[in-house]
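Trainee: Heads up: the sequence lines are chains A and B, in that order.
Number 88 in numbering that gives the first Met the number 0 belongs to position 89 of the first sequence; there are no gaps in the numbering.
Number 192 in numbering that gives the first Met the number 0 belongs to position 193 of the second sequence; there are no gaps in the numbering.
Take a look at the following structure, please.
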Amino acid sequence: MQARQKDSLLVASVKDSLGAAVITFALACVMIGLRVDVASGRGAELFLEHRWLAVAVAVLVVFAGRLAMNIFFWKREDPPSLNLSGLMPKGGLGAGSSNIIKYGLLGLAVVLPFVLMFWLGARGSRQYIDLAILVLTYVMLGWGLNIVVGLAGLLDLGYVAFYAVGAYSYALLAHYFGFSFWLCLPLAGILAAFWGIILGFPVLRLRGDYLAIVTLAFGEIIRVVLLNWYQFTGGPDGLSGIPRPSFFGLEFTRGEGGFASFFGLDYSSIHRIIFLYYLIFAMALFTNFVTMRLRRMPIGRAWEALREDEIACRALGINTTNTKLTAFALGAMFAGFAGSFFATRQGFISPESFTFLESAIILAIVVLGGLGSQIGVVIAAIVMIGGFEFFREFEEYRMLVFGMIMVVIMVWKPRGLISSRTPSVALSRNAKGISADLVQEGHG
Amino acid sequence: MSTWDNNPVLKVEHLTMRFGGLTAINDLSFNIGRGDITALIGPNGAGKTTVFNCITGFYKPTEGRLVMNRSNGEKHLLERMADFKITADAKVARTFQNIRLFGGMTILENLMVAQHNPLMVASNWTIGGLLGLGGYKKSNVDAIETAKYWLERIDLIDRADAPAADLSYGDQRRLEIARAMCTGPELLCLDEPAAGLNPKESLELNNLLQYIRKEHDTSVVLIEHDMSVVMEISDHVVVLDYGVKISDGSPEFVKNDPHVIAAYLGVEDDEVDQVEEEVGIA
Ligand SMILES: Nc1ncnc2c1ncn2[C@@H]1O[C@H](COP(=O)(O)OP(=O)(O)O)[C@@H](O)[C@H]1O
Ligand SMILES: [Mg+2]
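What follows is the structure, given as structure tokens:
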């Protein structure tokens, strides 16, 4: 029985692959095998070149590739994708190891700048602290989007719009009114939340694919407006000279009254970088803190219930429109905070920083991390953004590798890296996480 | 005049629901008595679920009025209200023919979501709760107590932290009823609560319904196919066929009503014996 089945697997695969090879041969004969060229030597005369070797290679590649796919994936009853996911611990990480990761990462993040300084010196560590700032920005954005996508189950493809609103709010308020960063930070969040409500109101009636498309369009609209409103936003030239943040009124400048002289340190530009690092670290932690608290409150539970079953929510007297709007607005608010941080860190912003690719990356972080999982977002952000930067030399292949990693992870752990949901309230002390297989992803 | 006409909790008046050319309910009027268990019966496709969807605001009736009389004297015209307001303000709760639990959330969480509205008020629409103001903490504890109370009623207290999707079918049915009860309803609409239950589960369901009627100010209206269940627990039976009311009265009255017998016999020839037996005329 076993042998016969193996046999038939092989035979079926070979048959199928031979068929593919024949089709390839037929196509390749014409498309690859014949090449018309202009012969330079003989007075620009056309001549036909036969490339039988190339045809043979093409046919062989298709045959071997298809055979391999047949044997290992398509025709098997237990494709390795299943085996692979079987290798991972079931139901995600246990509470214990997940806690170790959580506090380990937190401790590392706290001491990171000093470790780097100690190890590489001010000059050498700057690049890595910059990278860490970037990762933390994406962690914060991921956590913000996690409220919308992971908790409320609303697929938002235009999240970067609110990041842009935050960044431009600060840049414009500083440009026209000379407001400081600390005043603009809350304003940027409020403005982004406000835009979240305005955009959300008409959009949130839609579900699933429709919602995704419309949010995508809104993201692009905001970018196009920023790009074309030249008098106000500077259009493609962007806005430069955005003021840097101060440390309780102390500027990070050389000389009297600056941060360094106040604390009796030698001036170094690294001070500001480290300050920015701790600033975004605090902002990200704030996002996480608020989200985790909200999850345990009625509104957070309503978000998750909405993701599970919207009709049941309405039958329980929950105003689903308002509930969705709060999720949307809150996610937008955190993007707004992150945006104003981005503006003050760069000192220069232009619409180019807020393309759809940014939305896609943030969404990828949330999905890869495991919808709704806070620690998953951190791991995914480190892997993706860190990976991007480390492979900067292979510019052309980055997207290719990025795509491959996505595919591998989705095959390996379809529910993301951390795929278990912690109950928001429990009677017993040792309540277990809920396996992601049971958790709905939401329909819009 | 029967008791349900004296003090109805819900008056259905000339309710008509059309879907394009199809008239699913045609000029239907009946009363649901306060404190009664009312059964809505009828063959498949008679329009029973549609009546529930109209009462709970999921469909807007084409014509007719639905008057909810709350025990505090408030009157609500359900046909004009948004679905979530009907549960929140008019205090009508429902379950679904195909169970709709929050499967990825725990059993306790399911019951907590049902207490969303009072908890939102207690948390000052989240702001007070986020800042840790006192009122919310107490309400949260109370809400957990309410949930525990219902979990004990449905014998699921030991599994409070298990995901709802892991429960057996019968447990899911009862959890859905408990969840609806956590909204503090005055009228509870149950769409085929006994469908697919084994005799033991069916008995547990009966006990739960009797308990609700005895201990809570909740009137129950249920859609049911199993005649033995209907005869045993209901005070009042309304029979629908093709969207029209064909009988309305006590179980005894309905059981012997020739219209009902005809309608049930007219369903399908091969079901005659079975139906005769169910109606009790064989
Ligand atoms: N949303 C709808 N659109 C069109 N027709 C519907 C809709 N809902 C119910 N119907 C029709 O109304 C009739 C009654 O259905 P229903 O109320 O579900 O019957 P039941 O008594 O079995 O619960 C059926 O013919 C059904 O096809
Ligand atoms: Mg039905």
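Beta carbons are placed, not taken as given, at the ideal position from N, Cα and C, and that holds for glycine.
If you run the structure through DSSP and keep just helix, strand and coil, what is N429(A)?
Mentor: Position 430 of the first sequence, counted from the start, is the residue given in the question as residue 429(A). It is coil, neither helix nor strand.
Trainee: For chain B, check one thing: does any of its Cβ atoms lie closer than 7 Å to the Cβ of P201(A)?
Mentor: Within the first sequence, the letter at position 202 stands for residue 201(A). Chain B contact via Cβ: absent.
Trainee: Do F449(A) and L135(A) have their C-beta atoms closer together than 7 Å?
Mentor: Absent from the structure is residue 449(A), since the part of chain A shown begins at 0 and ends at 443.
Trainee: Between L107(A) and the rest of its own chain, which residues show a CB-CB distance below 6 Å, the 5 nearest in sequence each way excluded?
Mentor: As a working mapping, residue 107(A) is identified with position 108 in the first sequence. Correct list: empty, nothing qualifies.
Trainee: Taking the alpha carbon of I451(A) as the reference point, which residue from N321(A), A304(A) and I197(A) has its own alpha carbon closest?
Mentor: Any question about residue 451(A) goes unanswered here, given that chain A covers just 0 to 443.
Trainee: Using the Cα positions of K89(A) and F29(B), report the straight-line distance between them to the nearest angstrom.
Mentor: To locate residue 89(A), count along the first sequence from 1; it is residue 90. To locate residue 29(B), count along the second sequence from 1; it is residue 30. Reliability fails at K89(A), whose pLDDT of 46 lies under 50, so the model's placement of it is uncertain and the value that follows must be treated cautiously. Distance between the alpha carbons of K89(A) and F29(B) is about 54 Å.
Trainee: Should N25(B) be listed as close to ligand 1, given that the test is whether its C-beta is under 6 Å from any heavy atom?
Mentor: On the second sequence, position 26 is the one that residue 25(B) refers to. Checking the Cβ of N25(B) against ligand 1 gives no.
Trainee: Answer with yes or no whether the minimum CB distance from F101(B) to chain A is below 7 Å.
Mentor: Numbered from its first residue, the second sequence carries residue 101(B) at position 102. Yes, because at least one Cβ of chain A sits closer than 7 Å to the Cβ of F101(B).
Trainee: Of all the residues that make up the segment 137-158 of chain A, which are near chain B by a beta-carbon distance shorter than 8 Å?
Mentor: Per Cβ criterion, the list is empty.
Trainee: Work out the CA separation of Y229(A) and P350(A) for me, nearest whole Å.
Mentor: The residue labelled residue 350(A) in the question sits at position 351 within the first sequence. The residue labelled residue 229(A) in the question sits at position 230 within the first sequence. Going from the Cα of P350(A) to the Cα of Y229(A) covers about 11 Å.
Trainee: Looking only at C-alpha atoms, which of G134(B), A163(B) and P184(B) sits nearest to D453(A)?
Mentor: No answer is possible for residue 453(A): the residues shown for chain A start at 0 and end at 443.
Trainee: Please report the distance separating the alpha-carbon of Q114(B) from that of R204(A).
Mentor: Position 115 of the second sequence, counted from the first residue, corresponds to residue 114(B). Position 205 of the first sequence, counted from the first residue, corresponds to residue 204(A). Near 24 Å, if we compare the C-alpha coordinates of R204(A) and Q114(B).
Trainee: Pick out every residue whose C-beta is nearer than 7 Å to a heavy atom of ligand 2: which are they, in chain order?
Mentor: Residues flagged by the Cβ proximity filter: K47(B), T48(B), Q96(B), D190(B), E191(B) and I222(B).
Trainee: How long is the line joining the alpha carbons of L92(A) and I378(A), rounded to whole angstroms?
Mentor: The count along the first sequence starts at 1 and reaches residue 92(A) at position 93. The count along the first sequence starts at 1 and reaches residue 378(A) at position 379. With a pLDDT of 47 at L92(A), under the threshold of 50, the modelled position of this residue cannot be trusted, and the question is left open.
Trainee: Cα separation between I153(B) and A146(B)?
Mentor: Position 154 of the second sequence, counted from the first residue, corresponds to residue 153(B). Position 147 of the second sequence, counted from the first residue, corresponds to residue 146(B). One C-alpha to the other measures close to 11 Å.
Trainee: When DSSP labels each residue in this structure, what does M67(B) get in the three-state scheme?
Mentor: For the purposes of this step, residue 67(B) is taken as the residue at position 68 of the second sequence. In this structure, M67(B) counts as strand in the three-state DSSP scheme.
Trainee: Taking 6 Å as the cut-off, is the beta-carbon of F18(B) closer than that to any non-hydrogen atom of ligand 1?
Mentor: As a working note, residue 18(B) is residue 19 in the second sequence. Within the cutoff, so yes.
Trainee: Using only CA atoms, which one of A23(B), G46(B), M16(B) and E78(B) lies nearest to K10(B)?
Mentor: For the purposes of this step, residue 10(B) is taken as residue 11 along the second sequence, with counting starting at 1. If we check each option's Cα against that of K10(B), E78(B) comes out closest.
Trainee: Counting pairs of beta carbons, one from the segment 157-173 of chain A and one from the segment 328-338 of chain A, are three or more of them closer than 8 Å?
Mentor: Yes: the two stretches touch, three or more of their Cβ pairs being nearer than 8 Å.
Trainee: Taking 7 Å as the CB-CB cut-off, is N287(A) touching chain B?
Mentor: Position 288 of the first sequence, counted from the start, is the residue given in the question as residue 287(A). By this cut-off, N287(A) is not an interface position.
Trainee: Going by DSSP in three states, A314(A) sits in which element: helix, strand or coil?
Mentor: Here residue 314(A) refers to the residue found at position 315 when the first sequence is read from its first residue. Helix, per DSSP.
Trainee: Are there 16 or more other CB atoms within 10 angstroms of the CB of E267(B), so buried, or fewer, so exposed?
Mentor: Here residue 267(B) refers to the residue found at position 268 of the second sequence. Low confidence applies to E267(B): its pLDDT is 49, below 50, so where it sits in the model is not reliable enough to give any reading.
Trainee: Can you grab the Cα-Cα spacing for the pair R282(B) / P422(A), in whole Å?
Mentor: Coverage of chain B is limited to positions 0 through 281, which leaves residue 282(B) absent and any answer about it impossible.
Trainee: Given L367(A), which residues of its chain have a CB within under 6 Å of its CB, disregarding the five upstream and five downstream residues?
Mentor: Translated into positions along the first sequence, residue 367(A) becomes position 368. Counting only Cβ-Cβ distances below 6 Å, and skipping sequence neighbours, we find A379, I408 and G415.
Trainee: Using only alpha-carbon positions, find the residue among R344(A), L52(A), G64(A) and D236(A) that is nearest to I132(A).
Mentor: One-based indexing of the first sequence puts residue 132(A) at position 133. Answer by Cα proximity: R344(A).
Trainee: Could you give the C-beta distance for N116(B) and A89(B), rounded to a whole number, given that I count them as a contact under 8 Å?
Mentor: As a position in the second sequence, residue 116(B) is number 117, starting the count at 1. As a position in the second sequence, residue 89(B) is number 90, starting the count at 1. Actually they do not touch by this definition, with Cβ atoms about 13 Å apart.
Trainee: Count the other CB atoms within 10 Å of the CB of F46(A); is the residue buried (16 or more) or exposed (fewer)?
Mentor: What you label residue 46(A) is simply residue 47 of the first sequence in a count that begins at 1. Exposed, by the Cβ-count rule.
Trainee: Measuring CA to CA, which of L156(A), I364(A), F246(A) and S427(A) is closest to G218(A)?
Mentor: Here residue 218(A) refers to the residue found at position 219 when the first sequence is read from its first residue. Out of L156(A), I364(A), F246(A) and S427(A), L156(A) has the C-alpha closest to the C-alpha of G218(A).
Trainee: Please determine, among M104(B), G34(B) and A45(B), the residue with the shortest C-alpha to C-alpha distance to A161(B).
Mentor: By one-based count along the second sequence, residue 161(B) stands at place 162. Comparing Cα positions, the closest option is M104(B).
Trainee: Kindly indicate which three-state DSSP category G91(A) falls into: helix, strand or coil?
Mentor: Reading the first sequence from its first residue, position 92 is the one you call residue 91(A). Low local confidence applies: a pLDDT of 44 at G91(A) is under 50, so the model's placement there is unreliable, with the coordinate-based value given in what follows. In this structure, G91(A) counts as coil in the three-state DSSP scheme.
Trainee: Excluding five sequence neighbours on each side, which residues of the same chain lie with their C-beta closer than 6 Å to the C-beta of E151(B)?
Mentor: If you number the second sequence from 1, residue 151(B) lands on position 152. Closer than 6 Å at the Cβ level, and outside the excluded window around E151(B), lies no residue.
Trainee: With three or more beta-carbon pairs closer than 8 Å as the criterion, would you say the segment 18-26 of chain B touches the segment 41-56 of chain B?
Mentor: Yes, the segment 18-26 of chain B touches the segment 41-56 of chain B.
Trainee: Taking 6 Å as the cut-off, is the C-beta of A301(A) nearer than that to any heavy atom in ligand 1?
Mentor: What you label residue 301(A) is simply residue 302 of the first sequence in a count that begins at 1. Not so, every heavy atom of ligand 1 lies at least 6 Å from the Cβ.
Trainee: Would you list, in chain order, the members of the segment 294-312 of chain A that have their beta-carbon closer than 7 Å to a beta-carbon of chain B?
Mentor: Cβ contacts with chain B: M296, P297, I298, R300, A301, E303, A304, E307, D308, I310 and A311.
Trainee: How far does the beta strand (DSSP E) with N52(B) in it extend, from its first residue to its last?
Mentor: For the purposes of this step, residue 52(B) is taken as residue 53 along the second sequence, with counting starting at 1. That residue, N52(B), is in no beta strand (DSSP E); its alpha helix (DSSP H) goes K47 to I54.
Trainee: If the criterion is Cβ atoms closer than 7 Å, does the pair F117(A) and G237(A) meet it?
Mentor: Position 118 of the first sequence, counted from the start, is the residue given in the question as residue 117(A). Position 238 of the first sequence, counted from the start, is the residue given in the question as residue 237(A). It is not a contact, given that the beta carbons lie outside the stated cut-off.
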